[in-house]
Amino acid sequence: MSALIIWMLRWGHVVGGAIWVGGYALLAFVIVPLMAHARNDALQQIAIGAVRLLTYTGMATICFGILLITRTRGFANLIGSEWGALVITSAVCAVALLGIGDGALRPALRSIAAGGDARPARRYALIGFAITVLAVGLMTRTLYAR
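The structure is reproduced here in structure tokens:
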């Protein structure tokens, strides 16, 4: 039963992470460039909804990760090990992504809809995408870390 629970937690963590990475990629490479060329309400609603989805997915990914820590190596191993350093660095990336999405990207998307410049939104979406890719790389290494 324990193996099944760990598998389900890992599955939720990986699926949440995939949606998070894919959402930032979609925003950076498709939605924001479209908003820069064709400003319409439907596209703005899709963009704002995508950022909101990223926030909820990100929180779910973090929660699955915390539960996964409790079921695998435990919080005691976070300090003083390569695994702990990777997990803590990934957690910092996750918190930064939540801040970028809600604190920077969402207002920048609203600014585009109001006739503003699309460059800040594109920049925030690209930064978010880069951080998600970094976090995936870090999390991939945690499986083999000591």
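Numbering (the numbering used here), first residue to last: -12 to 133.
Yeah, the Cβ is synthetic: ideal placement off N, Cα and C, and Gly gets one too.
Looking at the unbroken alpha helix (DSSP H) that takes in residue i, where does it start and where does it end?
i	result
A112	R106 to T129
S98	R93 to A100
S(-11)	S(-11) to L13
L30	D28 to R58
G71	E69 to G86
Using a Cβ-Cβ cutoff of less than 8 Å, which residues in the same chain neighbour residue i once the five nearest sequence positions on both sides are dropped?
i	result
M22	L30, Q31, A34, L96, I99, A100, A105 and A108
T44	G3, I6, W7 and G10
Rounding to the nearest angstrom, what Cα-Cα distance links residue i and residue j in this structure?
i	j	result
L54	W7	18 Å
Q(-11)	W(-2)	In the sequence on display, residue -11 carries Ser and not Gln. Their Cα atoms are separated by approximately 14 Å.
V74	R110	26 Å
I87	I114	8 Å
M46	H24	32 Å
A63	L(-4)	19 Å
Please list, in chain order, all residues of the same chain as residue i whose beta carbon is under 6 Å from its beta carbon, the five residues on each side excluded.
i	result
T119	W7, V8 and Y11
R133	E69
So what does DSSP say about residue i, is it helix, strand or coil?
i	result
A132	coil
A25	coil
G61	coil
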